[in-house]
Amino acid sequence: AVIIREKYNAGLFIGGEAYTAIRTAEEIQQTKELPKEDSLSYGGRPYVNEYGWPIILSINPQLIGKWLPLILGVFSFIIFYIIINKINKETRGLASLFLILSPAYIYLYSTPTKYSITAFLLLLGTYFMIKNKEKTGIIIYCAMGFFSIITLILTTIIYSYLSYKKKKNTPA
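Those letters in the sequence shown? Residues 312 to 483, by the working numbering.
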């Protein structure tokens, strides 16, 4: 999708959220400080988004905005394949094919939105949890809060429930 966008659409991004992230990153790059207000949003209002993604993009907004989602998509696919291989070897090929052909996956990893890195961190944290490296997994899950606080809250609720269920089913 990145190559098609580059060739046929002059490298333009899809969706308004991508442009908001790039604009915020450029503001951080120029002013060297985090924005407190979004002046272009309906005449100005307080900035209420997470700062993690714009800070990463602020290193070089146009270059990182084009290529980091693609790189994260490749690594996410590899981690997904490893996770599925660990859970159910018979379905790893089909599950991976469905993932890579799904419109949500294609969109997620072809636009510079905070959800590409959030999904990558979620998969990476899950990989470490499956490998019984819970402390590393929890640290990675907590890092998601810099990019999407809602995803962090949902992950915490699910992790807490599964931990409780596992503890309840384990004989003392």
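All residues carry an ideal CB built from backbone N, CA and C; glycine is no exception. Everything numeric in this text was worked out from a predicted model, so none of it was measured.
Opening and closing residue of the alpha helix (DSSP H) in which residue i lies
| i | result |
| --- | --- |
| Ile451 | Glu445 to Ala454 |
| Phe431 | Lys425 to Ile441 |
| Lys478 | Ile460 to Asn480 |
Residue(s) in a DSSP beta bridge with residue i
| i | result |
| --- | --- |
| Pro357 | Glu348 |
CB-CB length for residue i against residue j, believed under 8 Å
| i | j | result |
| --- | --- | --- |
| Leu383 | Tyr426 | Not confirmed; about 10 Å, so no contact. |
| Glu337 | Pro380 | No, Glu337 and Pro380 are not in contact; Cβ-Cβ is about 17 Å, not under 8 Å. |
| Ile366 | Ile339 | 6 Å |
| Leu410 | Phe391 | 6 Å |
| Lys347 | Tyr358 | 6 Å |
| Ser387 | Phe439 | Going by Cβ atoms, the distance from Ser387 to Phe439 rounds to 14 Å, so no, they are not a contact pair. |
Buried or exposed by the 16-neighbour rule on C-beta atoms within 10 Å, applied to residue i
| i | result |
| --- | --- |
| Lys377 | buried |
| Thr342 | exposed |
| Ala332 | buried |
| Pro423 | buried |
| Thr429 | buried |
| Thr481 | exposed |
| Gly404 | exposed |
- [ ] Quick one: which unbroken alpha helix (DSSP H) runs of 4-plus residues sit fully inside the segment 358-414? Chain order, please.
- [x] 363-368, 372-398 and 403-412
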